[in-house]
Amino acid sequence: FTLSSSHFYCPFHALVAFPGDKIINPLKYIKQKNFIDMVNKLLLLCDYQNDILVSLSPVERERIVGNTQRLLHGARTAGIPVIFVGVCFRSGYPEVNMNNKMYQSIKNANVLLDGTIGAQFEEALQPQPNEPVVVKKRVGAHFNTELPLLLKAHGTEEVIISGVSTSGVVLSTVRYLADSDFLITVVQDCCADRDQEVHNMLCQRVFTRQANVVNVDSVLPHLIQ
721 FTLSSSHFYC PFHALVAFPG DKIINPLKYI KQKNFIDMVN KLLLLCDYQN DILVSLSPVE
781 RERIVGNTQR LLHGARTAGI PVIFVGVCFR SGYPEVNMNN KMYQSIKNAN VLLDGTIGAQ
841 FEEALQPQPN EPVVVKKRVG AHFNTELPLL LKAHGTEEVI ISGVSTSGVV LSTVRYLADS
901 DFLITVVQDC CADRDQEVHN MLCQRVFTRQ ANVVNVDSVL PHLIQ
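Plus 720 on top of the position in the sequence shown (first one is 1) and you've got my numbering.
1) How big is the Cα-Cα spacing for THR836 and VAL936?
2) Pairing CB atoms from the stretch 757 to 775 with CB atoms from the stretch 879 to 895, are three or more of them under 8 Å?
3) Which class does THR905 belong to by DSSP, given the choice of helix, strand or coil?
4) According to DSSP, is ILE784 helix, strand or coil?
5) Please go through the stretch 836 to 923 and give each complete alpha helix (DSSP H) segment of 4 or more residues, from N-terminal end onward.
6) Using CA atoms only, rank isn't needed, just tell me which of LEU922, PHE902, SER811 is closest to ASP909.
7) Spatial neighbours of TYR823 within its chain, please: CB distance less than 6 Å, with the 5 preceding and 5 following residues excluded, ordered by chain position.
8) Measure the C-alpha to C-alpha separation of CYS911 and ALA829 and round it to an integer number of angstroms.
9) Can you have a look at ILE667 and say buried or exposed, based on whether 16 or more other CB atoms are within 10 angstroms of its CB?
10) Helix, strand or coil: which one does DSSP assign to GLN789?
11) Starting from the Cα of HIS793, find the closest Cα among GLY838, GLY812, ALA844, LEU833 and give me that residue.
12) For THR876, which residues from the same chain have a beta carbon less than 6 Å from its beta carbon, with the 5 sequence-adjacent residues on both sides left out?
13) Take PRO868 and list the residues in its own chain whose beta-carbon comes closer than 7 Å to its own, dropping the five residues that flank it on each side.
14) Find the nearest neighbour of ARG895 within the set ASP915, GLN930, ASN864, judged by alpha-carbon distance.
15) Tell me whether GLY806 sits in a helix, a strand or coil according to DSSP, three-state version.
16) Going by C-alpha distance, which of LEU791, VAL859, THR797 is nearest LYS821?
17) Within this structure, are the beta carbons of GLU851 and VAL802 separated by less than 7 Å?
18) For TYR813 and ASP899, what's the separation of their Cα atoms in angstroms?
19) Rounded to the nearest angstrom, what separates GLY786 and ASN819 at their Cα positions?
20) So, with DSSP's three-state summary, where would you put LEU832?
21) By DSSP's criteria, LEU762 is part of a beta bridge. Which residues make up the other side?
22) Under DSSP, the beta strand (DSSP E) around ASN932 begins and ends at which residues?
23) State the start and end residues of the unbroken alpha helix (DSSP H) segment that holds ASN770.
Laid out in structure tokens, this is it:
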């Protein structure tokens with residue numbers, strides 16, 4: 721990625737003064753403007769892969785993909801970095817431990833194999849050449865991946881996240897981001913889960929403890945501030 725200087729803001733820069741400079745209290749500025757509008761944002765799109773999206777109804781898939789297209793377009797237009805996250809395995813699934821119940825079921829279903837159409841991202845949500853793709857072997861986007869390094873390299877302070885499923889990659893990654901002291905925005909109508917009640921519970925009662933939970937219509941103006 722190449723970031724312009726507009727992506728970086730140090731709230732303590734105003735404390736550095738030269739002779740004749742007017743001293744500005746950065747805390748005064750923060751009170752005047754919501755701090756979340758000033759920070760370095762990054763969009764994290766998780767697991768929009770064919771083998772995963774097939775678990776949704778055609779109507780739900782169309783809705784989620786359409787909303788996420790709008791979110792992605794808004795981030796790109798605003799110059800916000802985008803990272804894609806996906807999961808895939810080698811032939812024979814050598815990465816899958818027999819003790820892992822979830823991934824044993826993936827192995828048995830013979831899905832998410834590297835190089836297959838099922839492991840590819842949805843056609844409408846394809847990364848551009850300058851947008852990194854983080855390949856994971858477990859649920860969370862951070863576990864044994866380069867995501868922490870990429871976030872640090874970008875000077876990221878706020879992560880805007882969406883993905884499928886809500887109870888899988890989104891939940892696991894939100895917990896990691898919160899424990900790592902990031903500001904978090906979950907775009908709930910760009911997320912989906914096979915169990916709608918679980919999706920609602922997470923967005924309404926769990927994520928709100930550690931993140932801002934919004935709809936795509938409300939987050940788009942926030943991207944360009």
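Each residue gets a CB set at the ideal place from its N, CA and C atoms; glycine is no exception.
Looking at the coordinates:
1) 30 Å
2) yes
3) strand
4) helix
5) 867 to 873, 891 to 899, 916 to 921
6) LEU922
7) VAL816
8) 23 Å
9) Within the shown structure, residues of the chain are numbered from 721 to 945, placing residue 667 beyond reach of any answer.
10) helix
11) ALA844
12) ASN760, LEU762
13) HIS862
14) GLN930
15) strand
16) VAL859
17) yes
18) 30 Å
19) 37 Å
20) coil
21) VAL879
22) 932 to 934
23) 770 to 773
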